[in-house]
Amino acid sequence: LFRYSKQSLNVRGAFLHVLSDAVGSMGAICAGAVMVTTGWYRADALASIFIGTFILVSSWRLLRESLGVLLEAAPSGIDVAEVESAVRAVDGVEGVHDLHIWTVTSGFIALTCHAEVTGSRDVQQVLAELCQMLHQRYGIRHVT
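For the sequence shown, the positions run 7 to 150 when the working numbering is used.
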């Protein structure tokens with residue numbers, strides 16, 4: 007799971023669940039050992055606070071990224087203004103409006119926009135150039 011946890015939110019969630027279970031079990035075992043050997047019963051509360059903090063922090067990161075996908079927010083690593091400038095720079099593109107970029111799922115970024123193409127250029131050729139450029143520069147895999 008660890009190897010693929012950076013590529014998919016679903017796998018990352020499963021990995022964090024397994025890791026949280028392991029940390030919880032280790033915390034309970036360690037706290038139990040401390041209580042049995044020393045009689046210090048606050049070890050249980052201390053372990054619980056540590057485990058709860060670990061789960062809260064790791065879940066918050068996953069939740070924040072998941073909400074970005076659900077709300078169709080622009081991916082954090084992509085500057086929309088820069089993408090718009092790059093689209094305008096393609097030969098044959100006169101104007102760009104209604105530009106939207108969002109993450110469909112982990113690693114799958116989509117873009118939609120209205121690009122005004124000069125009459126002298128073939129629209130399909132300009133679209134192919136845009137698709138190739140956006141995929142190579144920004145990792146955008148779906149363009150309309």
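Ideal Cβ placement from N, Cα and C applies to all residues, glycine included. Keep in mind the model is a prediction, meaning the values are calculated, not measured.
Practice task
Return the first residue and the last residue of the beta strand (DSSP E) that Trp46 is part of.
Solution key: For Trp46, no beta strand (DSSP E) segment is defined, and its DSSP state is neither H nor E.
Problem - Sufficient close CB pairs (3 or more, under 8 angstroms) joining the stretch 108–121 to the stretch 75–89 - result: A contact exists between the stretch 108–121 and the stretch 75–89.
Handout entry: Residue interval of the beta strand (DSSP E) (run including Leu105)
Key = Start and end: Val99 to Thr111.
Exercise for the section: Using DSSP bridges, identify the partner residues of His120. Expected result: Answer by DSSP bridge pairing, in chain order: His103.
Practice task
From the DSSP output, read off the bridge partner residues of Phe114.
Solution key: For Phe114, the pairing in a beta bridge is given by DSSP as Thr111.
Exercise for the section: Mind checking which residues open and close the alpha helix (DSSP H) that includes Arg127? Expected result: Where Arg127 is concerned, there is no enclosing alpha helix (DSSP H), given that its DSSP letter is neither H nor E.
Exercise for the section: Going by DSSP, name the residue or residues bridged to Val149. Expected result: Leu117, per the DSSP bridge assignment.
Problem - Nearest-angstrom Cβ-Cβ length linking Ser64 and Ser14, presumed shorter than 8 angstroms - result: By a beta-carbon distance limit of 8 angstroms, Ser64 does not contact Ser14. Their separation comes to about 16 angstroms.
Practice task
Answer yes if the stretch 137–149 comes into contact with the stretch 91–107, meaning at least three C-beta pairs across the two stretches below 8 angstroms, and no otherwise.
Solution key: Taking one beta carbon from each stretch, the stretch 91–107 and the stretch 137–149 have 3 or more pairs nearer than 8 angstroms; the two touch.
Practice task
Flag this pair as yes or no: are the beta carbons of Glu88 and Gly101 separated by less than 7 angstroms?
Solution key: In this structure, Gly101 does not lie closer than 7 angstroms to Glu88 by Cβ.
Handout entry: Element boundaries [alpha helix (DSSP H), containing Val96]
Key = Run containing Val96: none; DSSP gives neither H nor E here.
Handout entry: Of the residues Val86, Leu68 and Gly33, the one placed nearest Ala20, counting alpha carbons only
Key = Measuring from the Cα of Ala20, the nearest candidate turns out to be Leu68.
Practice task
Taking 7 angstroms as the cut-off, decide whether the C-beta atoms of Leu140 and Val149 are in contact.
Solution key: The answer is yes: Cβ separation under 7 angstroms.
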